[in-house]
Every structure is written in C-alpha cells, then in structure tokens.
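K.L.:
What follows is a structure written as structure tokens; I'll ask about it next.
Number of protein chains: 2
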Amino acid sequence: MSDVLYLAIVASLKEKIIKGRLKPGDMLNSESSLMKEYSVGRMTIRKSLSLLSNEGYIYSVPGKGNFVCKPEVDIFQFKFNKYDGLNTHIDRVKLLSVKVKIPTKQIDRILNMDENQKVVEATRILCSDDKEIAMEVIYLPYVQNQPVIEDMLKFANYLKPIEEKLAFVLDKTINISVTMPTKEMSERLNINQNEPIFEIIETIKNGAAHESLQVSWFYVSPKYLTIKAATPKDSVDKRIF
Amino acid sequence: MSDVLYLAIVASLKEKIIKGRLKPGDMLNSESSLMKEYSVGRMTIRKSLSLLSNEGYIYSVPGKGNFVCKPEVDIFQFKFNKYDGLNTHIDRVKLLSVKVKIPTKQIDRILNMDENQKVVEATRILCSDDKEIAMEVIYLPYVQNQPVIEDMLKFANYLKPIEEKLAFVLDKTINISVTMPTKEMSERLNINQNEPIFEIIETIKNGAAHESLQVSWFYVSPKYLTIKAATPKDSVDKRIF
DNA sequence: CAGTGGTCTAGACCACTAG
DNA sequence: TAGTGGTCTAGACCACTGA
Chain A
1 MSDVLYLAIV ASLKEKIIKG RLKPGDMLNS ESSLMKEYSV GRMTIRKSLS LLSNEGYIYS
61 VPGKGNFVCK PEVDIFQFKF NKYDGLNTHI DRVKLLSVKV KIPTKQIDRI LNMDENQKVV
121 EATRILCSDD KEIAMEVIYL PYVQNQPVIE DMLKFANYLK PIEEKLAFVL DKTINISVTM
181 PTKEMSERLN INQNEPIFEI IETIKNGAAH ESLQVSWFYV SPKYLTIKAA TPKDSVDKRI
241 F
Chain B
1 MSDVLYLAIV ASLKEKIIKG RLKPGDMLNS ESSLMKEYSV GRMTIRKSLS LLSNEGYIYS
61 VPGKGNFVCK PEVDIFQFKF NKYDGLNTHI DRVKLLSVKV KIPTKQIDRI LNMDENQKVV
121 EATRILCSDD KEIAMEVIYL PYVQNQPVIE DMLKFANYLK PIEEKLAFVL DKTINISVTM
181 PTKEMSERLN INQNEPIFEI IETIKNGAAH ESLQVSWFYV SPKYLTIKAA TPKDSVDKRI
241 F
C-alpha cells in the first residue's frame, strides 16, 4: 500500500471498519497486540490510531481500549459569506441609515449589552451591477468616541479586518429561514411581494472574550443564493505526531 | 496551566497566536528551539504542534518549518436530517406512488447510471400529527430482483440501516433553495400557493465505491424548518499520538 | 552544507479498569 | 494484580530546503 508504516496500518484498520469486520462499538486489538501484528513499535501504532481517531473512526478509553465509533452521517459543512458567497458579485453598498438606539429586548439579549448601553442600527442595500439585490440591518454595540463608523459601513465586508484579526476566536452562528418581503423590501429589491426571500440572522462573537460583536438580519432573494452543503471529508493529511 | 506538558505548550502557543504575537504566515520557532524553550523532548513538542495543526492553527512544511495558518472564518457546520431534523416529528408516511422509469438526463447524470438502466421514482408525503407537512420525490437506481422496495419506502428513514452500514464511506450533499409550491404540493401540504417552500435536493453516494445510491427532492414549509449553523469548535480532545 | 520537519524505535513511568 | 491507554524521553535515520 504505502511505504509509510503508519499509513499502511491506517489503511488496513480503516478497511476492516469499512468492510464491517470491525463494527461500531467493537474494541480494536490492544496496542501491544497491534505492535506484534504489524511488527512495529508502539509509537507507530499510536500514530495510526491517532489518525483514525481524528478522522472519526475510533475513540479510546483509558484503561480499556480503542473502540470503533458510532458514525454520524447527518453533519454537513458549507462555506458562506454574505458578501462574496452569492451567485453574483456585490459591487456597491448603499448606506440607508445609521441610528443610535435603545436596544430592544431581543437585541439586548443577543448582544449581551451593558445596562443602558445603546446600539447602532445600520440599514444597508447591497447592489450588484446596479441592481439592488440584498438588504441588511446590522446591530452593533454603541461605544462612545467610536471611530467614524459610517465610513466603515460603506464597505460591503467592513468586518474583514476585524475578522482577520480575531479569526481564531470568532464564533459565528447563522439561522437561515424564509419569509415574505415587507413592502419596503419588495420595493427596494424590486421583487414581487409574494416572492419569498431568505432571511439570514447572523451573530458574531469573540469566543475568547465572550463578547458579542454584531447581529444582523440579511435578506436576499433565492435567485442569488443557494446553500450547497456536504458531509465533511476526512480531515486529510493533517500533521500528527 | 495544565499539568500535562504538551497541553501547557499548546495553550502557550495558542495564546501567542490569538494575541497576535504570531500572525498568519509567521514561522514558529523550530522544533529544536521549542524543545529548549520549554525544556521538553522533541516528541512532546511535536505532540503540541500536532494538536495545533489539527485545530487549524498551524501547518507545517517539511524542510522549512511550522507556520501560522491563514484562518478561515466562513465555514459553517450543521446537523440535518429530513426525518428527525424538522421542528416537528414525523409520525407517518404516505407512499403516493412507486414507478420504474427511464431516467431523465439530469437524473441519469446525477446517479451515474448504466446504459439502459432504469430508475425507481417514489413520491411520498411525510405527516406529523395527521398533518401533511412535507413531500419528497426519491430516485434510486432500479436493480432487477430487488427486495420489495415498496415495503421499505413506507418507513420514513428507510435508509437508516444502509446509512449505518456504510456510514464511514457515505458522501452526502444537499442543495437548499426556495421555490413556490406547485398546485399539487400546495393542495397536498395544505399551504397557500403563494407561500414559499424549501426545496432540498439531496444526493447520497458510496464514496468508497464511487456509486450513487439516491437523489431526492424534498419540499417542506419554512414553518417546519430552520437551518441553524455555526462555525465549528476546535475539535476538542481528539486523541493524538 | 547545516538546519528543518517526517518517520520510527526502545524503553520508562503513570493512572485507570477489571477480575 | 495484570493489562490497557496516556505521557514523556533520548536517540536514530531520512528527505527536503535554502544558502
């Protein structure tokens, strides 16, 4: 198979699992048995088991042994970005309004605000090729002496610098649902009032600081968005050891 | 921090990355430097680096060094199953029709069928609490002398046994979009013809055998489905070594 | 060429599990 | 008590990189 010992062992064990000779819940042979079976040192066996574990095939219980996982077949992954993930390219942003408001209870709960802290509410239209294709309402905590936020909000993906800076600790969640456009939306986005639109609620948090950065409501016609998701592949070739 | 050496080193390096003292693209100190820096053996350092690599913080280039990743902030993960992932519970299935047909070009391409092979087209209604809430059209390759497929299709999640058997090699993809119901659907599902519905196209393949098992069109009202997705957490506590 | 990461071994001690 | 996996060390050889 492979000229790398631990990969050959991985392939061999994986085959046993896939072919069903090892079933979910079954215990693998002990590491010392496997050492003899494959005529290798312990660390080589452990490297193989480690790879299988990372790929979701097995898990280990200290003092007992290594076991085949009960597989999960309903996990999907997809890549999505409001600003460059649509079927068309955003080339202009119209900033409709920027207001400082007292947050509603819902916003307050989501953003986990301080007492009496206000929010900035920004409403924007995203355009592609001079057509208005999406609308979003953004809420972010208002901090006094903030840098000129309005200039910032004129950029479609104004969070990009922050995202790059905080990338390793960013927690994002999105809720995707469907509604009918309000009158304003249907006029703005030039769609029929009985054509459905996606409603995507996105929250962005700094997971390390447990601090909410933003929540937004994003509306776009299904014309411009399809969610394509797939079961994740084995995390290939990750460095172990 | 931690009484386990490699975890303490992971935490230390992770902090440097999060705090920005190590930026994307930067090279980490070499393994031998890190050995001296933390006063541990090489394998301990490598175990730490391995964990960081698995969690997407770093990658390594043989002959050069270990580098901080350019982070990916737009990957989302969610769990979804047509049959137990809705806002309500499916408790009955009405099998409307099962036909053997010559596949359309689209189906033929998706299922990658043999010449002249036919498909089974099954149409089903999924009910919850005696309301008809979802409709699906399933296509699967027709093989002669097949076991009584109609009995099977009366079970909502009739693929479950196959999924469990093939779990480790199953590739699923779903496309989520939105349309308006056809006349039949709106009558069947008792929804207004100008209420939108989710259209979910799912393909299921055996990734090991490169064999397509099924493709289906699934229709459900947004009332019963919201997609909730989030950025994946660090793959916690995976066994390495 | 020296330095880097990749693979692999042999051996050690520990905490945990089960009979 | 014997066996299991978890952690850690010291040392070896390799292929690859860049000066």
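From first to last, the protein sequence lines are chains A and B.
Mapping to full-length UniProt numbering: the first sequence position 182 is 182, numbers consecutive.
Mapping to full-length UniProt numbering: the second sequence position 197 is 197, numbers consecutive.
Positions of the beta carbon are idealized from the N, C-alpha and C atoms, including for glycine.
The model shown is predicted, which means the values in this text are computed figures rather than measured ones.
(1) Distance, Cα to Cα, residue 228/B vs residue 32/A?
(2) Name the chain B residues whose beta carbon is nearer than 7 Å to that of residue 22/A?
(3) For the beta strand (DSSP E) that contains residue 230/B, what are its first and last residues?
(4) I'd like to know whether the C-beta of residue 38/B is nearer than 9 Å to at least one C-beta of chain A.
(5) Could you run through the region 1-18 of chain B and flag, in chain order, every residue whose CB is less than 7 Å away from some CB of chain A?
(6) Examine the ligand NAP and report whether any of its heavy atoms sits within less than 8 Å of the Cβ of residue 82/B.
(7) Using a Cβ-Cβ cut-off of less than 8 Å, list which residues of the region 67-95 of chain B approach chain A; keep chain order.
(8) Indicate the three-state DSSP secondary structure (helix, strand or coil) for residue 155/A in the structure shown.
(9) If you count every other CB in all the chains shown that lies within 10 Å of the CB of residue 120/A, and 16 or more means buried, which is it?
(10) What residues match up with residue 139/A in a beta bridge as DSSP calls it?
(11) Identify, in the order they occur along the chain, each residue of the same chain with its Cβ nearer than 6 Å to the Cβ of residue 26/A, setting aside the five sequence neighbours on each side.
(12) Is the beta carbon of residue 134/A less than 9 Å from the beta carbon of residue 80/A?
(13) Any chance you could list the alpha helix (DSSP H) runs of at least 4 consecutive residues sitting entirely within the region 39-87 of chain B, in chain order?
(14) Please state whether the Cβ-Cβ distance between residue 225/A and residue 85/A is less than 9 Å.
(15) If the cut is a Cβ gap below 7 Å, which residues of chain A does residue 168/B touch?
(16) Please state the DSSP three-state secondary structure of residue 170/A.
(17) Quick one: what does DSSP say residue 134/B is sitting in, helix, strand or coil?
(18) Hey, which unbroken runs of the alpha helix (DSSP H) at 4 residues or more fall wholly within the region 171-210 of chain B?
(19) Roughly how many angstroms separate the alpha carbons of residue 114/B and residue 46/A, rounded to a whole number?
(20) Would residue 137/A pass as an interface residue toward chain B - the criterion being a Cβ-Cβ separation below 9 Å?
(21) For residue 3/B, does the three-state DSSP call read helix, strand or coil?
(22) Taking the alpha helix (DSSP H) that residue 95/A belongs to, which residues open and close that run?
(23) Does the beta carbon of residue 230/A come closer than 9 Å to any beta carbon on chain B?
(24) What residues from chain A crowd round residue 26/B, counting only those whose CB sits closer than 9 Å?
(25) Give me the DSSP bridge partner(s) of residue 128/B.
(26) With C-beta atoms as the reference, is residue 153/B less than 9 Å away from residue 98/B?
(27) Rounded to a whole number of angstroms, what is the C-alpha to C-alpha distance between residue 9/B and residue 43/A?
(28) The alpha helix (DSSP H) that contains residue 106/B, what's its start and end?
(29) May I have the straight-line CA-CA distance separating residue 65/A from residue 137/A, to the nearest angstrom?
(30) Pull up the distance between the alpha-carbon of residue 72/B and that of residue 92/A, whole angstroms please.
(31) Would you say residue 76/B and residue 198/A are within 9 Å of each other, going by their C-beta atoms?
(32) Within 10 Å of its beta-carbon, does residue 202/A have 16 or more other beta-carbons around it, so buried, or fewer, so exposed?
(33) Given this structure, state the Cα-to-Cα distance separating residue 221/B from residue 129/B, to the nearest angstrom.
(34) List the DSSP bridge partners of residue 220/A.
P.N.:
Answer, in terms of the structure:
(1) The residue you call residue 228/B lines up with position 228 of the second sequence. The residue you call residue 32/A lines up with position 32 of the first sequence. Rounded to the nearest angstrom, the two C-alpha atoms are 44 Å apart.
(2) On the first sequence, position 22 is the one that residue 22/A refers to. What residue 22/A touches in chain B: nothing, since even the nearest Cβ is about 10 Å away.
(3) Taking the first residue of the second sequence as 1, we reach residue 230/B at position 230. Its beta strand (DSSP E) spans residues 227-230.
(4) Residue 38/B sits at position 38 when you count from the first residue of the second sequence. No, residue 38/B lies away from the interface with chain A (no Cβ there is under 9 Å from its Cβ).
(5) 17 and 18
(6) Absence of the ligand NAP from the depicted structure is noted, as is the absence of any ligand whatsoever, leaving it without description.
(7) 71, 72, 73, 74, 75, 76, 77, 78, 79, 80, 81 and 85
(8) Within the first sequence, residue 155/A is the residue found at index 155, counting from 1. Of the three classes helix, strand and coil, the one that applies to residue 155/A here is coil, per DSSP.
(9) The residue given as residue 120/A occupies position 120 in the first sequence. With 16 or more other Cβ atoms within 10 Å, it is buried.
(10) Start at 1 with the first residue of the first sequence, and residue 139/A comes out as number 139. For residue 139/A, which the question treats as bridged, DSSP gives the partners 121/A and 215/A.
(11) Locating residue 26/A in the first sequence gives position 26, where the first residue counts as 1. Excluding residues within five positions, the ones whose Cβ falls inside 6 Å are 68.
(12) Taking the first residue of the first sequence as 1, we reach residue 134/A at position 134. Taking the first residue of the first sequence as 1, we reach residue 80/A at position 80. Not closer than 9 Å, so no.
(13) 42-54
(14) Taking the first sequence and counting its residues from 1, one reaches residue 225/A at position 225. Taking the first sequence and counting its residues from 1, one reaches residue 85/A at position 85. Result yes, Cβ atoms of residue 225/A and residue 85/A sit closer than 9 Å.
(15) Sequence index remark: in the second sequence, residue 168/B carries index 168 (1-based). Per Cβ cutoff of 7 Å: 17, 18, 57 and 71.
(16) Numbered from 1 along the first sequence, position 170 holds the residue referred to as residue 170/A. In the structure shown, residue 170/A sits in a strand (DSSP, three-state: E or B).
(17) Start at 1 with the first residue of the second sequence, and residue 134/B comes out as number 134. The DSSP-derived three-state label of residue 134/B is strand.
(18) 183-188
(19) As a first step, residue 114/B must be located in the second sequence, where it is residue number 114. As a first step, residue 46/A must be located in the first sequence, where it is residue number 46. Distance between the alpha carbons of residue 114/B and residue 46/A: 43 Å.
(20) Taking the first sequence and counting its residues from 1, the one referred to as residue 137/A is at position 137. Answer no: the Cβ-Cβ gap between residue 137/A and chain B never drops below 9 Å.
(21) On the second sequence, position 3 is the one that residue 3/B refers to. Note: residue 3/B maps to coil in three-state DSSP.
(22) Reading the first sequence from its first residue, position 95 is the one you call residue 95/A. Here residue 95/A belongs to no alpha helix (DSSP H); instead the beta strand (DSSP E) covers 92-101.
(23) Residue mapping note: residue 230/A aligns to position 230 of the first sequence, counting from 1. True, the Cβ-Cβ gap to chain B drops below 9 Å.
(24) For this step, residue 26/B is matched to residue 26 along the second sequence. Going along chain A, no residue has its Cβ under 9 Å from residue 26/B, so there is no contact; the nearest lies around 13 Å.
(25) The residue given as residue 128/B occupies position 128 in the second sequence. Paired residues: 131/B.
(26) By 1-based counting over the second sequence, the position of residue 153/B is 153. By 1-based counting over the second sequence, the position of residue 98/B is 98. Contact flag set, yes.
(27) Here residue 9/B corresponds to residue number 9 of the second sequence, with the count starting at 1. Here residue 43/A corresponds to residue number 43 of the first sequence, with the count starting at 1. Approximately 21 Å, taken between the alpha carbons.
(28) On the second sequence, residue 106/B is found 106 positions in, with the first residue counted as 1. Segment 105-111, the alpha helix (DSSP H) holding residue 106/B.
(29) Translated into positions along the first sequence, residue 65/A becomes position 65. Translated into positions along the first sequence, residue 137/A becomes position 137. Cα to Cα, residue 65/A sits roughly 52 Å from residue 137/A.
(30) To locate residue 72/B, count along the second sequence from 1; it is residue 72. To locate residue 92/A, count along the first sequence from 1; it is residue 92. If you take the alpha carbons of residue 72/B and residue 92/A, they lie about 24 Å apart.
(31) Within the second sequence, numbered from 1, the residue matching residue 76/B stands at position 76. Within the first sequence, numbered from 1, the residue matching residue 198/A stands at position 198. When the beta-carbon positions are compared, residue 76/B and residue 198/A stay at least 9 Å from each other.
(32) As a first step, residue 202/A is located in the first sequence; it is residue number 202 there, counting from the start. The residue is buried, with at least 16 neighbouring Cβ atoms inside 10 Å.
(33) Counting from 1 along the second sequence, the entry for residue 221/B is found at position 221. Counting from 1 along the second sequence, the entry for residue 129/B is found at position 129. One C-alpha to the other measures close to 16 Å.
(34) By 1-based counting over the first sequence, the position of residue 220/A is 220. Paired residue(s): 134/A and 198/A.
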